[in-house]
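Encoded as structure tokens, the structure appears first; notes follow it.
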Amino acid sequence: MNRPLATTERQLARPRYEHRGIDFGCDYNPEQWDRSVWREDVALMREVGIGLVAVNIFGWSELQSPDGSLDFSGLDEIIGLLHDAGIRVNLGTGTASPPPWLTTRHPEILPVVADGTTRFPGGRQAWCPSSPVFRDYALALVDAVAERYGQHPAVALWHVSNELGCHNALCYCEQSAASFRAWLHARYGSIDALNRAWGTSFWSQRYTDWDEIGTPRLTLSTRNPGQVLDFSRFSSDELLAHYRAEHAVIRRHSSVPITTNFMVTAHIRELDYWTWAPEVDVVANDHYLDHRLADPEAELAFAADLTRGLAQGAPWMLMEHSTGSVNWQPHNLAKAPGQMIRDSLQHLARGADSICFFQWRASVQGSEKFHSALIPHAGTDSALWREALELGAILERVAEVAGTRVVADVALLFSWEAWWATDAENRPSSAVSYLDQVWALHRALRATGAEVDVVRPGADLTGYRLVVVPGLHLVRDEEAATLDAAVAAGTHALVTFYSGIVDENDRVRPGGYPAVWRDLLGIRVEEFAPVLPGQVLTLESGGTASLWTERMVARDADVVDRFVGGPAAGMPAVTRRRGADGDGDAWYLATLPDEASLTRILDDVLRAAGASRLADAGRDVDVVRRAGAGGSYRFIINNGPDDLLHSARGVELVTGEIADGSVRVPAGAVRVIREDSSS
Amino acid sequence: MNRPLATTERQLARPRYEHRGIDFGCDYNPEQWDRSVWREDVALMREVGIGLVAVNIFGWSELQSPDGSLDFSGLDEIIGLLHDAGIRVNLGTGTASPPPWLTTRHPEILPVVADGTTRFPGGRQAWCPSSPVFRDYALALVDAVAERYGQHPAVALWHVSNELGCHNALCYCEQSAASFRAWLHARYGSIDALNRAWGTSFWSQRYTDWDEIGTPRLTLSTRNPGQVLDFSRFSSDELLAHYRAEHAVIRRHSSVPITTNFMVTAHIRELDYWTWAPEVDVVANDHYLDHRLADPEAELAFAADLTRGLAQGAPWMLMEHSTGSVNWQPHNLAKAPGQMIRDSLQHLARGADSICFFQWRASVQGSEKFHSALIPHAGTDSALWREALELGAILERVAEVAGTRVVADVALLFSWEAWWATDAENRPSSAVSYLDQVWALHRALRATGAEVDVVRPGADLTGYRLVVVPGLHLVRDEEAATLDAAVAAGTHALVTFYSGIVDENDRVRPGGYPAVWRDLLGIRVEEFAPVLPGQVLTLESGGTASLWTERMVARDADVVDRFVGGPAAGMPAVTRRRGADGDGDAWYLATLPDEASLTRILDDVLRAAGASRLADAGRDVDVVRRAGAGGSYRFIINNGPDDLLHSARGVELVTGEIADGSVRVPAGAVRVIREDSSS
Amino acid sequence: MNRPLATTERQLARPRYEHRGIDFGCDYNPEQWDRSVWREDVALMREVGIGLVAVNIFGWSELQSPDGSLDFSGLDEIIGLLHDAGIRVNLGTGTASPPPWLTTRHPEILPVVADGTTRFPGGRQAWCPSSPVFRDYALALVDAVAERYGQHPAVALWHVSNELGCHNALCYCEQSAASFRAWLHARYGSIDALNRAWGTSFWSQRYTDWDEIGTPRLTLSTRNPGQVLDFSRFSSDELLAHYRAEHAVIRRHSSVPITTNFMVTAHIRELDYWTWAPEVDVVANDHYLDHRLADPEAELAFAADLTRGLAQGAPWMLMEHSTGSVNWQPHNLAKAPGQMIRDSLQHLARGADSICFFQWRASVQGSEKFHSALIPHAGTDSALWREALELGAILERVAEVAGTRVVADVALLFSWEAWWATDAENRPSSAVSYLDQVWALHRALRATGAEVDVVRPGADLTGYRLVVVPGLHLVRDEEAATLDAAVAAGTHALVTFYSGIVDENDRVRPGGYPAVWRDLLGIRVEEFAPVLPGQVLTLESGGTASLWTERMVARDADVVDRFVGGPAAGMPAVTRRRGADGDGDAWYLATLPDEASLTRILDDVLRAAGASRLADAGRDVDVVRRAGAGGSYRFIINNGPDDLLHSARGVELVTGEIADGSVRVPAGAVRVIREDSSS
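Residue numbers (my numbering), protein chains in the order written: chain A, 6 to 684; chain B, 6 to 684; chain C, 6 to 684.
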């Protein structure tokens, strides 16, 4: 009855990456070490259970000389060693960063930032995504690598470039401007259409010719939001075009699956992965806990659900995460004992069938020398290595989970376009950020035990019991309509403030917010009334809220809660339009309730929607089920400080114990129950 | 006996804008809408009482094509529609922002910031004030517009450009450097004189030729303060020259009054409006509440008094404010119900005879789409529109106030040059900002019921009972002398710390601060001793203070209060030189007392000065009187959360009730009493 | 038995600056004043006791015209006046800042910052240290000045440039890049060696030719840390080369000692003064209290000890400090009454034999007009001047101290290279800064009464009872070995966390931290585990700690204290390897204890080491001894708010009183005891 994320025809038609049970993998950068270390490394990989190794990620400057000649001897050797050990290779195209001789010869490759100044070599990704010179050199390298290894039996996966757009997503150089113009021409056809889309009649911005248009470089005032939004779209497309170009070259030589590592995480927002996902043969993600956030583990859970959404529900690959600290945050915290295993299984619970790490052996030089690795600076006589051994063993024990899927009654709409439009320069409140709103709802849903698919706006929603729409500021008309259709078919909806305000072109829909869902929700918002950060709003129910109020009328909806004070005192804070004739209910949240209140509201909404939930979940306890033809597996992930007893019946795979009614889950640990069919 | 701000001969000689009662007006940007909306808009303007509409503010890219041809059809139509409806037109010259074709053709127009990088089109005001190319194109447009509409009967006012200098006041390009050199040559005559004025003998900065001088671009260390100060003067003058040039072109075709909209507000400091005010035929101001400040309403009251000062006491025009939130602050708060009316009447009470709004109909695209308007996105079925209708009705009811003037016993000296010199790079304490000091004194004066004229240093002060001089760091010798003259004639003075320190060339006057007023005040300050932000200083009186102390000797003054601790423990904090032989008293404040202490001190000072005050004023209650030949009007503005009773006798114009001893002023409301002559 | 800092052969071979007792001196910039003032100034200098005056510091634009001609008339006169008054001259070469005509003619001299934009004239030091054009012009000026005054009897010291590198230490222009390449070539010989040193195999950064290498301009990601580190070394060397070039020119004309003013202070880190110190004929330092710090006086004490270390224990010169506030901090606090004297004597106690001030007479114009001076704006009728007179008298009374030396049992290792490597872009915790760690240890040592030499890593340490090594992240192998050698010879050691991690090339030593001292300390650290700022860690001893923990094993050491909670709960926080066979003990601190705990730990460490301490020292009381052939002098510096009694026997030089068992030291005052030989 529930409707998992669908697999498209397109995905079925292409090569498919075959996970071997749950793959345990890592990045390996052997160029850093004497060849004498390589054999020891491969032996240790076998010991710990590594089955998939990414190499040649940053290989360019090792492989190619300024005269164009290529030296594959090192790569030949390492691939051979891995293959001999039965380890599969995830082969990088090596184009992630150009070698110094290339940017010296062609400085026009270098990226330009918004103030018009150049950014220089010395780090990584010092290239403009629109540079034809870079593209030519990169594709020539890909051609040579793919020709050499396209039929190599060790190669199980191609890895295009690396973290495309991590640093260089937005380039403002003249070449980028030319490409942007071509992209705009293709999008709009006529300059008049562009003028209408960007609203250039305001502030004397009307263009008369394509050549007048540039990238949205810094202005003295704020910039045209349509131009900025389209530049984000263009920039995502431009890097996707680079991916496609490398993909096409590889396909000339190899039928092995191809992918690139996404970065579904808090601080990367310039790539619209909804448009990228159909282009990869397996969805792969890099994820690092972000200790700048209030709840890093909640972000992990969301990122994993979103990655599964990108994979249309199919198993995906965690291409990179870390055994311990990273090195690029202000304060790089170590992981607690067991946390590496817990986080690995959290990803697994939410659909990952490969658990890979950056990187195999900790660098002793360079920018990432304080980034953790499977083999730390301390070597194998270390707690980290012992935990890696334990993880390897666990991944073998849970291998049967591979191929199963999460089944959710609840969908949450997520959109990069909405992110871009929400976090724009001039907006009602800079304290209202898109991700915060999304996370707040996702976190509260987790605490209720609901399983959640993260879904692209526009997808068919009729199979879900409930669709949650947090702050979806930009939504296209046709995307909005799918929610109406689902509600008409009995799905319930929960929409939060600032949703549905602007259309595809960032144009406000007038007539009372959110115009596109005004009837669906039975409300009409007259005016936004955000409050200063720190101001606490009291609700009639006794709960509190923050950040936002609005002045609205509930025209065809029950008022579930009201603001007691603040700028919208006496006005509705939570409404519910009760569905008639088989329609679902449509709830609206006009503020951000505190966590407990939000969880309580969601409890009501889920109950009304008849959405299934997994018992015993809570703020510190994730409960997730993966199921398939072979059985059903329940993951209990204890993020809290106390041991807990969880009702369960079946075989616990991590410990091998039989759960005969309950299972004890120690603080910080994970248990995986192969559920009895009766449970 | 009191001496209001005088009207100069020059003002009398020029066209005068005739307010019609209290004008209710707005900006209108019809280019954003289908022509079908225009007729509906004009009808609604009539309904709400709009009498003055600004158009063509950002018209350039609509009017002119790259080949130079002009299309006035849209502007013809809208002016015609307005005229037919009896609505007067405030006609923009349309030069506020160059069209993209112009900056594409002439990129040398683009402004350059202090690090030497360019700022680009895509926002507004992307032009260098010193660009002759821009000037030529702009004046050609003005010529065409003025020729076409110079005799049009609808045109009641010309509106030059828009918010000149809001973003582009300081340009550091080579063209600006050349203009700066010419300006310096005119100011100093010889390079030696410039060297003396800037003190270039320090740090090896002596110039030998004009060509060696540039704009004060970023240096590795701090910059020469004389150069920076003169660059501010130059930049203000350069934009004023632009205004004058447009003015001259208009005058060739039209005798209608001309103005431009000032921005007397917290975050705009680069225009010295004392030099601008004599050039406009009516002083017009744009004012927006700034919720980044601790007390936005206090800033509003000060800005209104300062605007009246610029208008020499004559009625002025509030050219822009907002019905609700703006869109460019970090957190854009909505106005409380009634606040739009209250703020409108606060401006009116302090001298505005026109109350205009940006803008008529809320944009649905572009940078300002979340800026409020008279017709919000929600349309006319909205509380905002209903409050606009109420405001329209009130403005009709108080129309008789038009033409009256505020009469004040107290003057407060304000100077943009002092602002520039105070908030410089290297100074005793960056926590001491000029505006904060000015606001503190103005706010305390409001709480005492004193009416305050804000006056330019150098004006004749002899008519006032009290002159307040907050932190006037830079004061010219001849400006300082006017205070001595007034005190000699019986006016009292209150000077606060850091006043009178430097002369016109930012040169410290040695011999003990503040040398220029040392005798006047009877004190001698040896050393500044600021304290860290957050440090609380205790005074002998029991009050507290912050930010500043100094080590001083009261040579010819009574010590009114002393520092108990801190770096000037035991030294005077407040002094009073008692005037003899008909002189006024001269008070000095060596610190920033807390609000209650400051109000108490001012109470003593005002009493000693014999300055009249309006009863029942307070921290939350403004009481202001406007008076003229036809009568006297008392405004009671209740900014507080509670209703209050105010003693009054007369007709209350907002409600039409008779005040027979008292009038009830609800929380957040304003009442306007036509005072019985006996009261 | 104790081993003071040694004087090198090189120092003995060169001209030596002869202090006359304790020199009292100042900078004098007479160009700012009419010549009429000069005679008055010289008379006042005599009155106050000034014996050494620095002139011509920023003389270039006064001396030289664009045609190259020189006018020495003013300088002749001022030197003559000083000489006639018996005042010695510290003669600036005048090259500190180029005149405007030079940078106008040669804009390629201007410095370039990391984003590639230029910084402009208008301040000071607007020159690239690698500019050959600047060098040529500067040396020509030096040649002329030295030729003219090289034999002048007034000249007692040459003052090269001024605060070299204060603003322009790092230049990223193309000329700097060329010089950087030459420097790298000299350092590494081959491009392969450079690739190995910088670890360029990571991130595809391998260089194939010197021409591919640039300065470490801004990248989109983080930069290669080896490149950044070498750029710091290069930049320090490049300015030192400038110093040497001026030095060589002067030596052609004069045998008078030569120096330049160092800036051993919190915010200057780009000059490795260990390499500079051997090049100057007397070590001179500029020091200003930094009120941005939590404990400015502690930084002063450390800076003075470090300056003495640079001077190898010999008397040094305080070339600049201030009588009161400076002007370049956010909040420029005045000094408390007596604080100028106290700070002067704090420097003196720690080895300064000259106490000089910037500047003689307060400027009334320019960037430094609010910087205090010996003659303030208020003139000589001021407390500041009276305190200057008192200081002059005291310096005469303590003149006999001149030439004596501090004798310390404790050495603290300090390294600019470690500073650079620690405070790099990507590191475990940005909250852990090198100076903070150094200051914490130095401050706790002061509170124990220990006297501390600050010593360069690599120096022979065998003479000390205890060597303290705070956070010495980068240490060369051979430098590390000197600690082992000292401990083997009976010296005790205290090493704190993050020490010994990387080698000369910023390459991590693997195998468990800190590999280079793992055996010395008997520990092995597996993993860093910093904590967020603000998190308080509890120790088993009851103390607290912050910032850092690590997961370690005490393999051959006693565990003195443990973490109770946090990421390393239960693991060692303080360890002690007890020395056998005459070895000293080796202590290790794995965290930053609170101040009281740290002092307690140091108390134990010092007692175990048998290090001598001066009695009655404490958090607010510095006690320092200088001794020589002529006697022994104890300084008691009371930084606290209360008077205190200090045990002493001898003559107190400040007051002339006899201390017969004790001396009273008033709050904020200093007393200097000529100790009876018995005491």
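A virtual CB, placed ideally from N, CA and C, is assigned to each residue, including glycine.
Going by C-alpha to C-alpha distance, which of the options sits closest to residue i?
i, options, result
"A/Asp648", "A/Arg461, A/Val675, A/Met324 and A/Val659", "A/Val675"
"B/His447", "B/Asp310, B/Ala119 and B/Gly128", "B/Asp310"
"A/Ala416", "A/Ile663, A/Val473 and A/Ala436", "A/Val473"
"B/Arg583", "B/Ser682, B/Val412, B/Arg228 and B/Ile528", "B/Ile528"
"A/Ala413", "A/Asp242, A/Arg313, A/Glu532 and A/Cys31", "A/Arg313"
"A/Gly645", "A/Ser504, A/Arg639 and A/Glu302", "A/Glu302"
Is any beta-carbon of chain C found at less than 8 Å from that of residue i?
i, result
"A/Ala339", "yes"
"A/Val369", "yes"
"A/Thr12", "With a pLDDT of 45 at A/Thr12, under the threshold of 50, the modelled position of this residue cannot be trusted, and the question is left open."
Would DSSP call residue i helix, strand or coil?
i, result
"A/Met324", "strand"
"A/Thr453", "helix"
"A/Ile642", "strand"
"B/Leu234", "helix"
"C/Pro71", "coil"
"A/Ala183", "helix"
"A/His336", "strand"
Indicate whether at least one CB of chain A lies closer than 8 Å to the CB of residue i.
i, result
"B/Thr123", "yes"
"C/Ala550", "no"
"C/Pro577", "no"
Give a yes or no on whether 8 Å exceeds the smallest Cβ distance from residue i to chain F.
i, result
"A/Pro475", "Looking for chain F here will not work: the only protein chains present are A, B and C."
Q. If you scan the region 376-426 of chain C from start to end, which runs of the beta strand (DSSP E) of 3 or more residues do you find wholly inside it?
A. 415-418
Q) Taking any Cβ of chain B, which residues in the region 173-185 of chain C have a Cβ under 7 Å from it, in chain order? A) Asn173
Q. Where are the beta strand (DSSP E) runs, 3 residues long or more, that stay fully inside the region 447-520 of chain B, in chain order?
A. 457-460, 471-474 and 497-501
(Q) Along the region 370-400 of chain C, where does the CB come closer than 9 Å to a CB of chain B? Name the residues. (A) Residues of the region 370-400 of chain C with a C-beta less than 9 Å from any C-beta of chain B: Gln370, Gly371, Ser372, Glu373, Lys374, Phe375, His376, Ser377, Pro381, His382, Ala383, Gly384, Asp386, Ser387, Ala388 and Leu389, listed in chain order.
Q: Any chance you could list the alpha helix (DSSP H) runs of at least 4 consecutive residues sitting entirely within the region 32-101 of chain C, in chain order?
A: 40-53, 65-68 and 78-89
Q: Name, going along the chain, the residues of the region 530-547 of chain A whose beta-carbon falls closer than 9 Å to a beta-carbon of chain B.
A: Val530, Glu531, Glu532, Phe533, Ala534, Pro535, Val536, Leu537 and Pro538
Q.
Output needed in chain order: residues of the region 67-96 of chain A with a Cβ under 8 Å from some Cβ in chain C.
A. Correct list: Glu67, Ser70 and Pro71.
(Q) Output needed in chain order: residues of the region 212-245 of chain C with a Cβ under 9 Å from some Cβ in chain A. (A) Tyr212, Thr213, Asp214, Asp216, Glu217, Ile218, Gly219, Thr220, Pro221, Arg222, Leu223, Thr224, Leu225, Ser226, Thr227, Arg228, Asn229, Pro230, Gly231, Gln232 and Val233
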